[in-house]
Amino acid sequence: MKKLMFCTFMLASIVLLTGAFPASNAMAKTTKSQAKARVHATLRLSQNVLGIEVTIPTLLYTVENQATSALGTAIDANRYDVEVQAGDVLYCNTLDLPLAVYYTVTAEDVASGTIHISVLS
156 MKKLMFCTFM
166 LASIVLLTGA
176 FPASNAMAKT
186 TKSQAKARVH
196 ATLRLSQNVL
206 GIEVTIPTLL
216 YTVENQATSA
226 LGTAIDANRY
236 DVEVQAGDVL
246 YCNTLDLPLA
256 VYYTVTAEDV
266 ASGTIHISVL
276 S
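In terms of this note's numbering, the sequence shown opens at residue 156 and continues consecutively.
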C-alpha cells in the first residue's frame with residue numbers, strides 16, 4: 156500500500172512539474188539583448204578662421220542621424236540636440252549644398268553628452 160501511495164505521489168508530482176514548466180521552455184536558452192540605448196547629446200559645429208574658432212549658427216545647417224533618419228532639434232542659435240549612440244553617422248549639410256560633413260559618433264561623445272565637429276580645420 157505504501158508503494159502504491161509513493162508511486163501515485165511521484166506520478167502526480169511529475170505531472171504537475173511538467174505541466175507548470177513545459178520542456179520547450181525549460182530547454183530554451185535565455186539571451187540578453189545587447190541593444191544600446193540612444194542618448195541625447197548636444198552638437199556644435201565650428202570652423203577655425205585665422206586661428207579663431209567660429210561657431211556656425213544652427214540656421215545655416217541641418218543635422219540628420221543616418222541610422223534613424225531623425226533630424227536634430229535646435230536648442231539655441233549655436234547648438235542642436237541629437238539622439239545618438241556610438242557608431243551612428245551624423246550628416247551635417249549647410250544650406251542644402253553638395254558640400255556636407257559626415258561624422259561618426261564615438262563612445263566618448265556618448266559618455267560626455269556633447270559632440271563638437273570642427274569643419275575645414
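C-beta: ideal position from N, C-alpha, C; glycine also.
Legend entry - Cβ distance (whole Å) where residue 113 is taken to contact residue 243 below 8 Å: Since the first residue shown for the chain is 156 and the last is 276, residue 113 is missing from the structure and cannot be characterised.
Inset, instruction - Quick one: residues in its chain with C-beta nearer than 7 Å to the C-beta of residue 236, no 5 flanking neighbours on either side, listed in chain order? - result: 195, 197, 227, 228, 230
Legend entry - Residue interval of the beta strand (DSSP E) (run including residue 243): Taken as a continuous stretch (DSSP letters only), residue 243 belongs to no beta strand (DSSP E), as it is neither H nor E.
Inset, instruction - Measure the beta-carbon distance from residue 193 to residue 263 and round it to whole angstroms, keeping in mind my assumption that it falls under 8 Å. - result: Rounded, the Cβ-Cβ distance is 16 Å, inconsistent with contact.
Inset, instruction - Look up residue 260 in the DSSP assignment and say whether it is helix, strand or coil. - result: coil
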